[in-house]
Amino acid sequence: MTEWIGRSAKRVGGPERVSGSQKYVGDIRLEGMLWVKLVTLNCGHARILSVDASEAQKMVGVRYVLSARDLPQPVPRFGPTFQDRPVLATEETKFFGEPVAAVAAETEDAAREAAARVRVEHTKLPGVYTVDEALDPASPLVQDPALRPKDPLRDTSAADAVFENVYTFPMVTHFAIEPHAFIAAPDNGGVRVWSPIQHPFILQRTIADCLGLPLAKVRVIAPDSGGAFGGKGYPKFEPLLAFMALATGRPVRLALTLEETFQAGRRMATRVRVRSGFQRDGRLVFQDILADCLIGAYADIGLRVVEKASYTACGPYRVPNVRVHSRAFLSHTTPNTAFRGFGVPQMSWAVESQMDEVAIALSVDRVAIRLANLPDRGEEFIRGDIPCDGIWRESLQKAASAIGWGKPLETGHGRGIALGLKISATYAASYCILRLHYDGSASLLTGTSDMGQGARTVFAQIVAQEMGLPLEQVAVVMGDTAVVPYDTSTSASRSTVIMGSAVLRACQDIKGQLRALAAELSGASEADIRVENGFVRTSQAETGFAELLRHYFGTTRGELIGVGSFLKRKTAGHPLAGKTIFYELSCSAAEVAVDQETGMIAISRYVTVSDVGKALNPQHVEMQDSGAAVMGLGHTLMEHIVLDKDGRIVNLGALDYRIPTIKDIPAVMESFVIENGDGPGPYGAKGVGESGLLATAAAVGSAVREAIGTQIRDLPLTPERVWHAIQERDKTRSQAEKRAHA
Amino acid sequence: MESDVVAITLTVNGLKRSMEVHASHTLLKVLRDQLGLTGTKECCSLGECGACTVLVDGRAVNSCLMLAAEADGLQVTTIEGLSVDGRLNALQEAFLAEGAVQCGFCIPGMVMSAQYLLNLNPHPTVEEIKEGLAGNLCRCAGYGRIIEAVRSVSSEETGK
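Protein sequences appear in the order of chains A and B.
Per the numbering used here, the first sequence runs over residues 95 to 836.
Per the numbering used here, the second sequence runs over residues 5 to 164.
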């Protein structure tokens with residue numbers, strides 16, 4: 095029998111992707127479809143005085159112009175945590191790019207031209223664009239501010255030394271190569287919506303709530319997306335399009351430009367102050383962390399990002415005394431949404447960099463200081479949550495050895511190493527249906543989304559393994575809420591573990607049914623019947639699935655339907671609604687060379703090691719890991735959204751916002767896994783989709799520090815910033831020399 | 005309005021297509037919206053990301069930067085034209101085998117740029133591959149497997 099687990103099966107859906115036949119939302123054309131363009135203002139914060147669409151409405155081909163006053167009043171609002179975001183801006187625009195009106199026309203050109211003719215009389219207002227502005231009592235309120243009271247830090251007396259530093263991480267954008275596209279169409283008294291959304295069931299209930307429809311009348315079709323990274327997690331303009339489809343009675347389509355996609359969601363910016371107490375030998379006594387987080391004009395999932403990142407702010411370490419005080423500031427900026435790592439890259443940049451600064455100050459090796467504070471498997475390290483679920487030192491030691499830790503370095507070179515820890519889902523309801531067809535092939539129906547991470551492939555492998563089928567005889571159906579059963583979301587690197595477990599259970603359900611059929615046909619006891627390697631076996635006979643189903647159903651035909659589920663309900667009173675299902679742990683290590691004249695960083699070697707439990711598809715794991723690493727190098731070295739004084743994004747689009755190209759990758763990149771089979775998922779798996787970028791910034795930052803002899807605490811590490819740090823270092827050195835001479 | 009419309013004839017994936025296009029429409033828009041060839045992707049619309057790469061008279065171009073009218077009389081090959089009789093070509097197969105494809109959105113443009121590179125230079129070095137694909141952005145992959153996919157094809161006898 096073919097073993098499908100642990101094998102690098104080719105991507106299911108791969109041939110469609112290399113031949114151009116894969117249909118993303120933007121590739122779908124419906125009969126009679128109208129094109130939609132948004133009307134926006136050229137500033138971050140404004141009061142809307144009037145919207146005059148009369149000229150636009152007279153233009154050839156224009157069918158409909160919608161502004162807030164045409165919507166039900168008060169204007170419906172939505173959001174995954176607070177329903178604070180209006181379908182269209184009403185009274186005020188609160189961020190650059192927030193639409194005031196939308197135009198639907200027969201052609202894209204007509205829609206674009208008409209959108210430019212909608213006159214919006216408005217007054218620019220002062221805005222809140224930075225943490226400092228948010229803290230200024232004179233600043234305008236974005237929404238109601240309610241900050242958490244301060245908690246006391248318990249026992250700090252055992253610390254021999256206390257260190258305090260501040261680290262910043264700017265806003266960055268997801269930059270999936272597929273910009274967002276949406277379609278909505280009237281559908282039998284309800285509405286059908288196409289979106290590249292990661293969480294189709296969250297979109298379904300958002301549309302139902304906004305339009306006052308039952309869930310059964312909202313059908314969300316979510317074709318595989320062209321990259322998501324969290325940016326396609328939550329609803330954006332789908333409610334708007336649903337209103338437009340019902341108002342016009344026609345399908346309507348909105349494809350955002352890349353620039354508009356930048357304005358649709360971004361990563362949270364942070365300023366994290368870390369005050370740490372250590373013993374002389376490098377053991378942690380306390381961490382006192384104040385994280386100021388700049389979220390956007392609407393909460394989106396921003397608060398959850400702050401909460402989850404804060405929860406693991408201390409990283410994978412045993413810390414006797416902890417205080418984490420996080421403040422999420424609304425601002426007149428792009429809504430902050432989920433982004434791969436979910437706040438951990440920002441927190442880990444601060445806390446892991448601090449670990450290195452402390453190690454250097456105490457003359458403790460940077461690997462040794464981490465080893466001294468890592469918990470053992472089974473040890474509780476976040477009070478009240480599940481204990482450490484891996485042998486984490488193996489990841490650290492593997493990375494250290496692969497990067498050549500301790501070997502001599504040339505001048506201007508440096509090495510860095512850092513750990514990243516993320517909790518996964520804390521609640522979940524994931525269901526799947528497995529249909530064993532009359533011919534013995536199988537179809538799996540699941541509400542998980544495949545955005546490139548390879549969920550389709552891994553689920554197909556689980557079914558092939560359990561049922562003993564060739565991979566080609568397994569179909570995986572996703573992305574249609576009218577067809578597939580409920581899944582909470584595709585987030586938090588959860589799907590292999592959570593939906594994977596449900597898939598395993600659906601296979602077991604089918605096997606039980608096969609045993610019952612065979613027992614009925616043969617008269618044997620069910621206990622004496624085994625289902626293995628694609629056959630149903632009794633002591634006398636071995637029957638293939640198709641043959642057994644033919645015997646049982648005859649020419650009536652029929653099929654078996656198996657159901658699998660994974661349910662972990664929310665826990666009342668828990669700050670995150672429950673303990674994590676597993677930890678995602680990764681170690682990153684880098685060796686860099688810094689050009690002292692230009693500040694350019696060249697990464698000569700980069701290593702990631704992830705504690706995956708079991709790699710069900712090693713090639714896919716490596717692809718996720720190295721892809722995450724390169725994305726992490728983007729926010730470490732070059733990416734940041736820059737705002738002007740009016741809150742406008744200055745570097746909007748691909749020309750001015752740079753992400754890594756093929757020429758920016760490290761000269762040598764290696765990705766390793768630690769497999770101890772200690773995850774809660776099928777075959778001992780844990781999740782892996784985000785781990786590769788959790789610790790990238792701190793690893794590279796530490797390597798740069800070693801190369802230039804001074805720490806940079808603000809990202810990204812652009813040549814300009816590194817060059818300034820070198821100049822500052824030289825100035826300080828020469829002043830010190832002068833003082834020494836004097 | 006009529007002066008905005010231009011009559012052109014293109015040969016697309018071997019088929020001659022005569023049509024009227026708007027003078028301001030790009031080759032990308034005409035391929036996707038008039039000819040229904042949606043395999044060619046739109047992302048940045050600035051010539052920076054390479055998702056819309058096609059071959060025009062054998063040369064790789066960003067179809068978002070070329071007006072359809074400029075392609076009058078020329079031969080255009082899109083991703084849909086690489087497969088032969090519905091079978092993937094060696095380069096497409098290599099992208100799958102080497103695990104170079106994740107979400108897949110950049111892949112049509114990436115494959116077209118790689119095909120162009122191999123057409124010019126059947127045995128490129130890693131540095132030449134990087135140079136050849138420097139105009140194609142991917143956000144999923146670490147790029148390493150894309151390089152391996154191109155290398156695996158280039159090391160074969162045919163170079164195609």
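For each residue, glycine too, the CB sits at the ideal point set by N, CA and C.
| request: Let me know the alpha helix (DSSP H) ranges lying completely inside the stretch 452 to 493 of chain A, each 4 residues or longer, listed in chain order. | output: 460 to 467
- Item | Exposure of glutamate 474 of chain A, with buried meaning 16 or more beta-carbon neighbours within 10 Å | exposed
request  = Starting from asparagine 415 of chain A, follow its DSSP beta bridges and name the residues at the other end.
outcome  = A:Phe380
Q.
Please report whether the beta-carbon of glutamate 733 of chain A lies at a distance below 9 Å from any beta-carbon of chain D.
A. This model lacks chain D altogether, as its protein chains are A and B.
*asked:* Count Cβ pairs between the stretch 789 to 807 of chain A and the stretch 437 to 453 of chain A that sit closer than 8 Å; are there 3 or more?
replied: yes
Practice prompt. Check whether the stretch 627 to 641 of chain A touches the stretch 808 to 828 of chain A, taking contact to mean three or more Cβ pairs, one atom from each stretch, closer than 8 Å.
Written response: no
Tell me which residue opens and which closes the alpha helix (DSSP H) that cysteine 526 of chain A is part of.
Unbroken run through cysteine 526 of chain A is the beta strand (DSSP E), 522 to 530; no alpha helix (DSSP H).
**Asked** Is phenylalanine 766 of chain A helix, strand or coil when you go by DSSP?
**Response** strand
Do the CB positions of valine 225 of chain A and phenylalanine 423 of chain A come within less than 9 Å of each other? yes
Once DSSP output is grouped into helix, strand and coil, what is the label at alanine 621 of chain A? helix
Subject >> Closest residue to aspartate 254 of chain A among A:Gly573, A:Val452 and A:Ile768 (Cα-Cα distance) >> reply: A:Val452
In terms of DSSP beta bridges, what is histidine 216 of chain A paired with?
A:Ile142
Between the CA atoms of serine 595 of chain A and glycine 775 of chain A - distance to the nearest angstrom:
6 Å
- Message: Since alanine 684 of chain A and alanine 801 of chain A should fall inside the 8 Å C-beta cutoff, what is the C-beta to C-beta distance between them, to a whole number of angstroms?
- Response: So it is not a contact: roughly 10 Å between Cβ atoms.
What residues in the stretch 260 to 287 of chain A have a beta carbon less than 7 Å from any beta carbon of chain B?
-> Phe269, Ala270, Ile271, Glu272 and Pro273
*asked:* Rounded to whole angstroms, what is the Cα-Cα separation between leucine 100 of chain B and leucine 388 of chain A?
replied: 41 Å
Partner residues on chain B for threonine 351 of chain A, Cβ-Cβ distance less than 7 Å: Ser49
Going straight from the alpha carbon of proline 294 of chain A to that of isoleucine 315 of chain A, what length do you get?
7 Å
query: If you drop the 5 nearest sequence neighbours on each side, which residues of the same chain put their C-beta closer than 7 Å to that of glutamine 58 of chain A?
result: Nothing can be reported for residue 58 of chain A, as the shown portion of chain A is limited to 95 through 836.
Item to complete: For alanine 101 of chain B, name the three-state secondary structure that DSSP assigns.
Response: helix
Here's the rule: buried if 16 or more other CB atoms are within 10 angstroms of the residue's CB, otherwise exposed. What is leucine 31 of chain B?
buried
Proximal residues of chain A, C-beta to C-beta of isoleucine 111 of chain B below 7 Å
Arg111 and Val112
Quick one, which residues of the stretch 746 to 777 of chain A are near chain B if we go by CB-CB under 7 Å, in chain order? Gly747, Ala748, Leu749, Ile753, Thr755, Ile756, Lys757, Ile759 and Met763
- Query: Is the stretch 340 to 347 of chain A close to the stretch 589 to 603 of chain A, with three or more CB pairs under 8 Å?
  - Reply: no
- Query: Nearest CA to the CA of arginine 248 of chain A: which residue from A:Ser489, A:Gly371 and A:Arg211?
  - Reply: A:Gly371
query = By DSSP, does arginine 374 of chain A sit in helix, in strand, or in coil?
reply = coil
Original post:
So is aspartate 89 of chain B in contact with chain A if we call contact Cβ pairs under 9 Å?
Top reply: no
query: Can we count valine 25 of chain B as close to the ligand FMN, meaning its CB is less than 8 Å from some heavy atom?
result: In the structure shown, the ligand FMN is absent, as is every other ligand, since no ligand is present at all.
Hey, how far is the Cα of leucine 749 of chain A from the Cα of arginine 471 of chain A? 47 Å
Using a Cβ-Cβ cutoff of 8 Å, what residues of the stretch 114 to 126 of chain A are near chain B? List them in chain order. Gly114, Ser115, Gln116, Lys117, Tyr118, Gly120, Asp121 and Arg123
Review point. Where does arginine 398 of chain A sit, in a helix, a strand or coil, going by DSSP?
Key: helix
Check your understanding: Looking at the unbroken alpha helix (DSSP H) that takes in serine 518 of chain A, where does it start and where does it end?
Key -> Here serine 518 of chain A belongs to no alpha helix (DSSP H), and DSSP marks it neither H nor E.
*Hey, how far is the Cα of leucine 350 of chain A from the Cα of alanine 275 of chain A?*
6 Å
Q.
Quick check on DSSP: helix, strand or coil for cysteine 56 of chain B?
A. coil
Next item on the list: Taking serine 319 of chain A as the query, report the chain B residues whose CB atoms sit under 7 Å from its CB, ordered along the chain.
Entry: Cys107
Q. Ends of the alpha helix (DSSP H) at histidine 835 of chain A?
A. 813 to 835
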